[in-house]
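To start, the structure itself, in structure tokens.
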Amino acid sequence: MITMTKRLLGSAALSLLMLGGCKDTPQPKTPLGVNAKHIETETAALNAWFDERYKEDLARSPMTKTYLGLPGDQDKLDDASQAAIDEEYALYQARIADMHEKFNFDRLDKQGQISYRLYEYDGNIAKALHPYADDDYVFNLMEGAHSDFPTFMVNFHKVKTPKDARNYIARLNAAKTYLGQNRERAQAQFEKGVFLPKFTYDRMINAA
Numbered sequence: 128m129i130t131m132t133k134r135l136l137g138s139a140a141l142s143l144l145m146l147g148g149c150k151d152t153p154q155p156k157t158p159l160g161v162n163a164k165h166i167e168t169e170t171a172a173l174n175a176w177f178d179e180r181y182k183e184d185l186a187r188s189p190m191t192k193t194y195l196g197l198p199g200d201q202d203k204l205d206d207a208s209q210a211a212i213d214e215e216y217a218l219y220q221a222r223i224a225d226m227h228e229k230f231n232f233d234r235l236d237k238q239g240q241i242s243y244r245l246y247e248y249d250g251n252i253a254k255a256l257h258p259y260a261d262d263d264y265v266f267n268l269m270e271g272a273h274s275d276f277p278t279f280m281v282n283f284h285k286v287k288t289p290k291d292a293r294n295y296i297a298r299l300n301a302a303k304t305y306l307g308q309n310r311e312r313a314q315a316q317f318e319k320g321v322f323l324p325k326f327t328y329d330r331m332i333n334a335a
């Protein structure tokens, strides 16, 4: 789904920015009783944990795999239903609790602590915004599945082999479900009184 794709792609970019901005930050003092081996082991375990979570996210998002040029699930689209979005939110919050339980922040090196805080920060932002999720328009003049999906198929789904072509057709066939899930979410918003100004709809239709 687009939300997961943005998080997967955006977290990597934000991480690089944070790492670049922390070059002059002094290394925190090592707690008593914690040696370099402890720090190395704890940080390696955290990095392995992040790798597993990232793989799980990729498995849930065939479209992100395509954006990143990775193989697998090239005949599928993301689940864009409200149920899938709610499941993703709950999963991320559960992961943060799991991270807190499994890893000692004070036993991580500086880069590990940045990664820990970044993951925590993303979850806190998602938690703060969750009550207002319905205020984020499913479709608008700038983005939405009505314009993002055609761009995705044209620019990212490469067709070089017969299998690629079959996958392309499979995704076109799956578009009815994918776009329908987005439409259902937009309809639910509309029924709650969340909708764009009337003059924008013709423009969005033309963009589609």
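Position in the sequence shown (first residue = 1) + 127 = our numbering. Note that the Cβ used here is the ideal one computed from N, Cα and C, for glycine as well.
Residue range of the alpha helix (DSSP H) that includes residue i
i, result
"Leu306", "289 to 318"
"Ser242", "237 to 256"
"Gln177", "First, the residue type needs correcting, since residue 177 is Phe and not Gln in the sequence shown. Unbroken alpha helix (DSSP H) run through Phe177: 163 to 187."
"Gln201", "Per DSSP, Gln201 belongs to no alpha helix (DSSP H) and is neither H nor E."
"Lys229", "209 to 229"
C-alpha distance - residue i paired with residue j, whole-angstrom precision
i, j, result
"Ala334", "Ser274", "6 angstroms"
"Asp202", "Leu218", "25 angstroms"
"Gln308", "Ala253", "21 angstroms"
"Val281", "Gly196", "14 angstroms"
"Asp291", "Lys325", "40 angstroms"
"Asp233", "Met226", "13 angstroms"
Local Cβ density within 10 Å of residue i, reported as buried at 16 or more and exposed below that
i, result
"Thr278", "exposed"
"Ile332", "exposed"
"Met269", "exposed"
"Thr152", "Interpretation of Thr152 is limited by its pLDDT of 46, a score under 50 that renders its predicted location unreliable; the figure taken from the coordinates is listed afterwards. By the neighbour-count rule (16 or more Cβ atoms within 10 Å), Thr152 is not buried but exposed."
"Ala163", "exposed"
"Glu214", "exposed"
"Arg330", "exposed"
8 angstroms Cβ cutoff met for residue i and residue j
i, j, result
"Phe276", "Tyr246", "no"
"Asp236", "Thr168", "no"
"Arg222", "Arg187", "no"
"Ser242", "Leu185", "no"
"Arg312", "Gln209", "yes"
"Phe283", "Thr193", "yes"
"Gly250", "Gln220", "yes"
For this session: Evaluate the contact criterion for the segment 252 to 270 versus the segment 311 to 321: three or more CB pairs, one atom per stretch, below 8 angstroms.
Result: Here the segment 252 to 270 makes contact with the segment 311 to 321; the two share three or more CB pairs at distances below 8 angstroms.
Problem set entry | Touching by the beta-carbon criterion (3+ pairs, under 8 angstroms), the segment 291 to 301 and the segment 200 to 215 | Output reads yes: the segment 200 to 215 touches the segment 291 to 301.
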